[in-house]
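Chemist: Attaching a single structure in structure tokens format; questions to follow.
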Ligand SMILES: NC(=O)c1ccc[n+]([C@@H]2O[C@H](COP(=O)([O-])OP(=O)(O)OC[C@H]3O[C@@H](n4cnc5c(N)ncnc54)[C@H](OP(=O)(O)O)[C@@H]3O)[C@@H](O)[C@H]2O)c1
């Protein structure tokens, strides 16, 4: 049985659909969700939709029964999710799973990203529990920049504080395809996978890509962290969210999202989606 948690989410859903496209029989795929109504379409295709909240260890144990390989899509509650990951990992161990794929973050041992400590703690837990982990260190989603791309086409500017830091972003679709490849490999292949786009681009490159696609001038304005936080708050972002974005850009400036890895395109057997392609897709609506 191939089990995917967070299957009602944007990444998890793509993985479940990718498994079906790859020819895995639907009744061998388990989609773990906390609200089955959100996965009615998967149920309609014959996928085993099982309900479990990560905070309910009993439900998680039932949901993971029979799991051979698990994709543990990381939780969304920053700071509180390591315990939730642990609940799922222990259930997978009890089920005798042969491979645990986990959606981690880029270069987590050394990263200054705010999300890195939870990912690192989870990677260590996988090892402590004696599980065979495929650590899918997913880079930033391209989709994190969709609002900035749309705004840049309207206003002619991209604003940030990442300096010349490079971002090896990948689309959720490409990252999901990578997870499908790992889950369906003939033999379980544990290890560290630094997964991102083949090209790593700067925010100035993003501005140039929007300019080319929108047919207008677009400039990147690099602000100080303080100016960036003020600009975000003036645009309506709560203080905590603004600090998260600024902290992310500071980490990007230090190279947190530049890996030089081609593991994703190797896994999926094709080049990853490029910046120019993604920008054109977003602007085409
Ligand atoms: N690489 C990146 O740029 C990036 C960016 C953002 C997040 N992430 C990480 O990647 C993960 C997947 O991304 P995504 O875009 O698919 O996120 P998403 O669309 O928000 O999906 C998150 C999934 O987690 C489920 N979930 C959250 N808390 C749960 C709980 N207590 N019990 C059971 N299910 C729970 C959600 O269920 P519901 O549908 O019921 O809410 C949903 O299915 C995120 O959760 C986050 O850890 C990565």
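Numbering (my numbering), first residue to last: 6 to 290.
Just so you know, even glycine gets a beta-carbon here, dropped at the ideal spot from N, CA and C.
As the structure is a prediction and not an experimental result, all values here were calculated from the model.
Taking only runs that begin and end inside the stretch 66-113, name each unbroken beta strand (DSSP E) of 3 or more residues, in chain order.
Modeler: DSSP runs (the beta strand (DSSP E)) wholly in the stretch 66-113: 74-77 and 104-109.
Chemist: Contact defined as beta carbons within less than 8 Å: I believe residue 17 pairs with residue 78. What is the distance between those atoms, to the nearest angstrom?
Modeler: 5 Å between Cβ atoms; contact.
Chemist: If I measure Cβ to Cβ from residue 155 and keep anything under 8 Å in the same chain, skipping five residues before and after, which residues do I get?
Modeler: So the list reads 287 and 288, once near-sequence residues are dropped.
Chemist: In chain order, what are the residue ranges of uninterrupted beta strand (DSSP E) at least 3 long that sit wholly in the stretch 155-216?
Modeler: Counting whole runs of 3 or more residues, the stretch 155-216 contains the beta strand (DSSP E) stretches 162-165 and 196-200.
Chemist: Compute the Euclidean distance between the alpha carbons of residue 125 and residue 224, then round it to the nearest angstrom.
Modeler: So the two alpha carbons sit approximately 36 Å from each other.
Chemist: Run through the DSSP bridge pairs and tell me what residue 143 is partnered with.
Modeler: Per DSSP, 200.
Chemist: Does ligand 1 have even one heavy atom less than 6 Å from the beta-carbon of residue 21?
Modeler: The answer is no for residue 21.
Chemist: With DSSP as the reference, identify every bridge partner of residue 221, one or two as the case may be.
Modeler: None, per the DSSP bridge assignment.
Chemist: So what's residue 235 in DSSP terms, helix, strand or just coil?
Modeler: It is helical.
Chemist: Let me know the alpha helix (DSSP H) ranges lying completely inside the stretch 224-289, each 4 residues or longer, listed in chain order.
Modeler: Correct list: 230-239, 244-258, 268-273 and 280-288.
Chemist: Taking DSSP's pairing of strands, which residues face residue 56 in a bridge?
Modeler: DSSP, once it has assigned bridges, lists 38 as partnering residue 56.
Chemist: Would you please state the rounded distance, in angstroms, between the beta carbons of residue 269 and residue 179? I believe it to be under 8 Å.
Modeler: Indeed, because the Cβ distance is near 6 Å, the residues count as touching under 8 Å.
Chemist: Could you check the C-alpha separation between residue 259 and residue 170 for me, to the nearest Å?
Modeler: Their backbone Cα atoms lie some 6 Å apart in a straight line.
Chemist: Assign residue 127 to one of three DSSP states: helix, strand, or coil.
Modeler: Three-state result, residue 127: helix.
Chemist: For residue 199, count neighbouring C-beta atoms within 10 Å of its own C-beta (all shown protein chains included) and say buried if the count is 16 or more, exposed if not.
Modeler: Classification for residue 199: buried.
Chemist: Going by CA-CA distance only, name the one from 11, 32 and 203 that's closest to residue 144.
Modeler: Per the Cα distances, 203.
Chemist: Count the other CB atoms within 10 Å of the CB of residue 132; is the residue buried (16 or more) or exposed (fewer)?
Modeler: Residue 132 comes out exposed.
Chemist: Under DSSP, the beta strand (DSSP E) around residue 9 begins and ends at which residues?
Modeler: It spans 7-9 - the beta strand (DSSP E) in which residue 9 sits, taken as one unbroken run.
Chemist: Can you name, in chain order, every residue of its own chain whose Cβ lies under 7 Å from the Cβ of residue 252, other than the five neighbours on each side?
Modeler: Excluding sequence neighbours, residue 252 sits near 119.
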